[in-house]
Amino acid sequence: MADTVTQGAPGALDMREHYMALTRRRRLYSGVMLIVFVALMASGFVVANDRNAGGFWDGIHNIFAFPAMVIAETSGKLMLLPAHLAHFFPSLVETINIAAVSTLVGGGLGMILSLLSTRGLARFPLLIPLFRRIMDIMRAVPEIVIALVLIFILGGGPVPAMIAIAFHTGGALGKLFSEVNENADTKPLDGLESVGATWMQRMYLGVMPQVAPNYLSYALLRFEVNIRASAILGFVGAGGIGYELKNAMSWGQGKFDEAAAIFLLLFGAIVFFDQVSSHFRNRLTQGRPVS
Amino acid sequence: MTQTAALKIQAAGLISRKRMLAIALPVAILAYLAYIAVAFDVPGLAERARLDNARTLVADSYSYKTHVSRDNRSGEVTVAIEGERKGTYAPDAPPAWVSREGDMTVIDLGHGHVVTYTPDGLTYAVPGYGLIEATISRARGVQANLGDDLPDWISLSKNRLAITTDAGRVSLTRNRTEVFRYFMGWELFFFTLDSPYHGHSLAEIAFGQRLDPDRDNLVGAWQDFWANPMWRHAEVAWAIFETILMAFLGTMGAALVALPMAFLAARNFTPIGTLRFGIRRIFDFLRGVDGLIWTIVLSRAFGPGPMTGALAILTTDTGSFGKMFSEALENVDGKQIEGVQSTGAPVLSRYRFGVIPQITPVLLSQVLYYLESNTRSATIIGAITGGGIGLLLTQAIITQKDWEEVTYYVVLILLMVMLMDWLSGLLRRQLIRGGRS
Chain A
5 MADTVTQGAP
15 GALDMREHYM
25 ALTRRRRLYS
35 GVMLIVFVAL
45 MASGFVVAND
55 RNAGGFWDGI
65 HNIFAFPAMV
75 IAETSGKLML
85 LPAHLAHFFP
95 SLVETINIAA
105 VSTLVGGGLG
115 MILSLLSTRG
125 LARFPLLIPL
135 FRRIMDIMRA
145 VPEIVIALVL
155 IFILGGGPVP
165 AMIAIAFHTG
175 GALGKLFSEV
185 NENADTKPLD
195 GLESVGATWM
205 QRMYLGVMPQ
215 VAPNYLSYAL
225 LRFEVNIRAS
235 AILGFVGAGG
245 IGYELKNAMS
255 WGQGKFDEAA
265 AIFLLLFGAI
275 VFFDQVSSHF
285 RNRLTQGRPV
295 S
Chain B
197 MTQTAALKIQ
207 AAGLISRKRM
217 LAIALPVAIL
227 AYLAYIAVAF
237 DVPGLAERAR
247 LDNARTLVAD
257 SYSYKTHVSR
267 DNRSGEVTVA
277 IEGERKGTYA
287 PDAPPAWVSR
297 EGDMTVIDLG
307 HGHVVTYTPD
317 GLTYAVPGYG
327 LIEATISRAR
337 GVQANLGDDL
347 PDWISLSKNR
357 LAITTDAGRV
367 SLTRNRTEVF
377 RYFMGWELFF
387 FTLDSPYHGH
397 SLAEIAFGQR
407 LDPDRDNLVG
417 AWQDFWANPM
427 WRHAEVAWAI
437 FETILMAFLG
447 TMGAALVALP
457 MAFLAARNFT
467 PIGTLRFGIR
477 RIFDFLRGVD
487 GLIWTIVLSR
497 AFGPGPMTGA
507 LAILTTDTGS
517 FGKMFSEALE
527 NVDGKQIEGV
537 QSTGAPVLSR
547 YRFGVIPQIT
557 PVLLSQVLYY
567 LESNTRSATI
577 IGAITGGGIG
587 LLLTQAIITQ
597 KDWEEVTYYV
607 VLILLMVMLM
617 DWLSGLLRRQ
627 LIRGGRS
């Protein structure tokens with residue numbers, strides 16, 4: 005008994021030493037990482053602050069000045085608010101339509117691209133890397149780039165925004181869809197192939213029923229994102245509620261009640277579609293209605 | 197027997213419902229698209245579309261033109277790339293294809309096309325067509341040796357003669373004679389004309405004789421490239437950095453603000469229902485008031501610049517992160533916290549050793565994912581608030597002529613986003629693997 009203790013102790017001590025050394029080293033690394041991170045944040049903050057027109061500490065006092073002004077003006081003209089809401093409602097519909105169509109078109113594009121770039125499903129297995137790169141590039145293009153260029157060619161309006169968002173959506177959804185496709189069971193495909201089904205038929209009858217709920221769930225999530233994107237693109241000239249907001253803002257002081265109506269509409273729409281989409285997503289992923 | 201019959205009816209009903217859906221869904225989508233085509237006035241688009249704009253854009257993105265213009269009042273001839281002051285050749289050193297002989301200027305457009313500026317007009321030798329001679333005078337305007345039957349690449353009126361061939365474009369008015377010659381590539385991308393390194397290859401600069409007596413070749417070349425007044429490489433690099441900075445500060449700041457708030461919004465950490473409810477509504481509010489509105493509100497307080505963009509991203513994402521983090525916190529395993537608690541650890545240590553290690557991988561991977569997506573958002577927000585590459589892009593597009601710069605910025609933005617995508621993916625994979633081992 006005494007023997008084992010005297011023999012075991014040095015080993016245990018070694019192990020403990022080793023463990024403590026390991027822990028110290030890990031702590032040192034985490035400490036260094038933390039210091040680097042804090043230094044990056046702090047210096048980044050200072051740089052951004054220097055480059056800004058107004059400094060952070062000056063601005064922080066004024067942060068509520070604009071909202072207060074908007075609220076004051078609106079409450080002074082509360083009678084006009086329903087009329088404003090009714091007036092700007094069609095442009096809200098346009099913004100939502102842009103988001104919906106681009107989700108639809110982008111979803112279709114993404115579906116085709118994802119099927120073409122999933123191993124085991126692809127029509128041309130050799131071209132898988134090509135289609136993947138295409139999706140990467142589509143995903144990397146910020147909507148504003150395409151929108152601004154298309155506004156130059158097609159003129160302002162909803163179509164440039166729609167194309168821009170659909171293009172990006174195609175890449176983004178394509179990537180998510182191909183992750184879904186990878187988990188699809190290939191047995192139905194073998195079955196379909198054995199009876200002579202074409203590639204299109206195999207995809208439509210063999211893959212789609214398996215992946216449709218996940219596709220829909222991702223598309224709904226994307227729809228939420230796209231509503232925000234289409235509102236922003238409106239601000240750079242692509243129609244919809246964002247365009248109206250830009251105009252309302254440019255009227256300046258005294259007309260902020262219009263801006264307030266647009267803020268309300270946009271806020272309401274985003275919250276509404278967030279709720280609806282998360283409700284349906286829960287239903288889709290859990291396979292039953294949530295109470 | 198009755199049971200099977202009932203089942204059969206049920207199955208038949210199910211199948212017919214599915215069949216209905218299979219037909220109804222495409223019909224509904226088509227109907228919606230048709231409505232959109234009308235609502236967005238797609239048929240009218242063909243009329244409004246400016247295909248000439250598209251042509252300029254495409255041509256400009258891979259080629260450039262050099263203007264040779266003669267002021268017909270003073271007789272002065274200038275040669276300038278894209279007609280810009282910064283790209284103007286010195287009067288005594290025009291490019292090799294322009295030569296001066298007295299008050300004549302001979303411009304060789306290549307492939308046998310030669311334009312000569314005479315004191316009172318021009319001549320243009322077009323291979324396969326003949327010599328076009330045109331004169332201008334105060335009294336009679338523009339006159340040319342052309343009949344009434346003009347080919348479609350020439351237009352002639354009393355005020356103006358315009359000729360467009362494969363070799364270039366010529367225009368003649370009373371005040372001004374101009375020739376545009378097109379070249380492939382982006383003009384003066386590395387050095388402008390006033391730099392001693394213009395027209396020298398990389399090998400010559402690196403290994404050849406010293407071109408500028410005051411500076412070492414590589415140092416001087418780098419300085420001149422970096423300070424190129426036409427392409428402003430230094431400013432563009434700074435703008436890219438500013439955009440990434442906006443995304444970084446916004447994302448990380450949001451994560452830092454959202455984490456403590458998420459504890460207050462998670463059921464298993466905050467027993468007080470009203471507090472939880474309040475914090476959650478704050479998250480919903482931050483998310484619901486879109487980034488666009490935050491950008492506008494904040495730029496009112498802070499003025500244009502990267503700080504405003506970073507704060508707009510920070511505000512919106514605090515809402516998103518708060519929601520995701522509190523959901524992650526509600527899923528933590530309570531046993532680890534109990535284990536730490538059983539050693540008599542105080543509350544803070546319990547969180548540090550019982551909770552944080554469990555949620556770090558989830559949190560970090562979400563934060564990294566947002567970092568990539570926010571690089572794109574920062575481009576757009578920059579275009580609105582005025583900061584970063586988004587601002588440069590909108591400025592270049594507004595001028596409607598520097599499409600080669602637009603192309604340059606677009607390529608840089610794509611590279612930037614793909615780099616951030618790659619980086620965030622790499623770190624996320626590292627994190628997940630590190631978490632497992």
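Going down the list, the sequences are from chains A and B. Numbered per the working numbering, the first sequence spans residues 5 to 295. Numbered per the working numbering, the second sequence spans residues 197 to 633. Positions of the beta carbon are idealized from the N, C-alpha and C atoms, including for glycine. Being a predicted model, the structure only gives us computed values, none of them experimental.
| Check | Outcome |
| --- | --- |
| Which of the three DSSP states, helix, strand or coil, is assigned to G487 (chain B)? | helix |
| Under three-state DSSP, which class holds M426 (chain B)? | coil |
| Please check if any C-beta of chain A sits within less than 8 Å of the C-beta of M503 (chain B). | yes |
| What is the DSSP secondary structure of G200 (chain A), counted as helix, strand or coil? | coil |
| Going by the DSSP bridge assignment, what does K261 (chain B) pair with across the sheet? | B:Y378 |
| Which residues in chain B have a C-beta closer than 7 Å to the C-beta of M253 (chain A)? List them in chain order. | I492 |
| How about V105 (chain A): is its C-beta nearer than 8 Å to some C-beta of chain B? | yes |
| Assuming I150 (chain A) contacts A168 (chain A) (C-beta within less than 8 Å), just tell me the rounded distance between them. | 4 Å |
| Can F517 (chain B) and A454 (chain B) be called in contact, C-beta distance under 8 Å? | yes |
| Buried or exposed: which applies to S495 (chain B), given that a residue is buried once 16 or more other Cβ atoms fall within 10 Å of its Cβ? | buried |
| Our contact map puts V311 (chain B) next to V366 (chain B) with C-beta atoms below 8 Å; I'd like the distance itself, whole angstroms only. | 6 Å |
| Pull out every residue of the segment 584 to 610 of chain B whose Cβ sits closer than 8 Å to any Cβ of chain A, in chain order. | G586, L589, T590, I593, Q596, V602, V606, I609 and L610 |
| With a cut-off of 8 Å, does the C-beta of R28 (chain A) fall near any C-beta of chain D? | Included in the structure are the protein chains A and B, with no chain D among them. |
| So what does DSSP say about R266 (chain B), is it helix, strand or coil? | strand |
| Does the segment 259 to 279 of chain A come within contact of the segment 127 to 144 of chain A, defined as at least 3 CB pairs closer than 8 Å? | no |
| What in chain A is Cβ-close to P500 (chain B), meaning under 9 Å? | N56, A57 and G58 |
| Straight-line CA distance for S353 (chain B) to L342 (chain B)? | 11 Å |
| If the cut is a Cβ gap below 9 Å, which residues of chain A does F236 (chain B) touch? | E98, N101, I102, V105, G161, P162, V163, M166 and G243 |
| I want to verify the contact list: residues of chain B whose CB lies under 7 Å from the CB of V51 (chain A), in sequence order. | L441 |
| According to a CB-to-CB cut-off of less than 7 Å, which residues of the segment 238 to 251 of chain B neighbour chain A? | V238, L241, R244, A245, R246, N249 and A250 |
| Taking DSSP as the reference, what is the three-state secondary structure of R28 (chain A)? | helix |
| Please state whether DSSP places T331 (chain B) in a helix, a strand or coil. | strand |
| Kindly indicate if chain A contains any beta-carbon less than 8 Å away from that of L567 (chain B). | no |
| Please give me, in chain order, every unbroken run of the beta strand (DSSP E) with length at least 3 that falls completely inside the segment 526 to 551 of chain B. | none |
| CB T99 (chain A) to CB S234 (chain A), shorter than 8 Å? | yes |
| Is the separation between the beta-carbon of I593 (chain B) and that of L152 (chain A) shorter than 8 Å? | yes |
| On the criterion of 16 or more Cβ atoms from any shown chain inside 10 Å, does V636 (chain B) qualify as buried, or is it exposed? | Lying before the first or after the last residue shown, residue 636 (chain B) is absent from chain B, which here runs from 197 to 633. |
| Threshold first: 3 residues or longer. Then list the beta strand (DSSP E) segments lying entirely within the segment 220 to 246 of chain B, N to C. | none |
| Take every Cβ of the segment 473 to 481 of chain B, pair it with every Cβ of the segment 588 to 608 of chain B, and state whether three or more of those distances are shorter than 8 Å. | no |
| Return no unless some Cβ of chain A is closer than 8 Å to the Cβ of L488 (chain B). | yes |
| Under a three-way DSSP split, which group does H394 (chain B) fall into? | coil |
| If I measure Cβ to Cβ from I154 (chain B) and keep anything under 7 Å in the same chain, skipping five residues before and after, which residues do I get? | The structure shown does not extend to residue 154 (chain B), since chain B is modelled only from 197 to 633, so the question has no answer here. |
| Confirm, please, whether the CB-CB distance from H396 (chain B) to L384 (chain B) is below 8 Å. | no |
| Alpha carbon to alpha carbon, how far is H283 (chain A) from Q290 (chain A)? | 11 Å |
| Three or more beta-carbon pairs under 8 Å between the segment 83 to 93 of chain A and the segment 193 to 203 of chain A, yes or no? | no |
| Just checking my contact of S259 (chain B) with F379 (chain B) at CB under 8 Å: how many whole Å lie between their CB atoms? | 6 Å |
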